[in-house]
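Here the structure is laid out as structure tokens; the discussion comes afterwards.
In our numbering, the protein residues as written are 210 to 303.
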């Protein structure tokens, strides 16, 4: 069942994948970025109180050694370390 076809602009899927990784801790690939971009755009037009579901169809693991995630440091910064330390039973500090 298809209600609408959403065209994804050039670069939007990559930008959303990177944003999800940086801001939400969600590691997804380019198709996942495209899916979330379309969901966000759909949500902007949806009536108030609507419920939307977006399933991200892939993981970003295979992209870790590619330019997709090259701008994201593998090491935690001070803000991330502070968040990790505030978590009960944290063990993320190197």
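We treat Cβ as the ideally placed atom computed from N, Cα and C, and that holds for glycine.
Remember, it's a predicted structure, so these values are computed and weren't measured experimentally.
Span separating the alpha-carbon of residue 252 from that of residue 260:
9 Å
Judging by CA-CA distance, which residue of 295, 236, 219 is the nearest neighbour of residue 264?
236
Could you have a look at residue 266 and say whether DSSP puts it in helix, strand or coil?
coil
Range covered by the alpha helix (DSSP H) that runs through residue 220:
Unbroken run through residue 220: none, as it is neither H nor E.
Going straight from the alpha carbon of residue 218 to that of residue 298, what length do you get?
42 Å
Chain-order list of residues whose beta-carbon lies under 8 Å from that of residue 214 (same chain, five-residue window excluded):
none
Out of 231, 223, 293, 255, which one is the CA nearest neighbour of residue 246?
223
How big is the Cα-Cα spacing for residue 279 and residue 292?
23 Å
Would you grab the beta carbon distance between residue 266 and residue 240 for me? Rounded to a whole angstrom, and I think it's under 8 Å.
Yes, they are in contact, since the Cβ atoms of residue 266 and residue 240 sit about 5 Å apart, within 8 Å.
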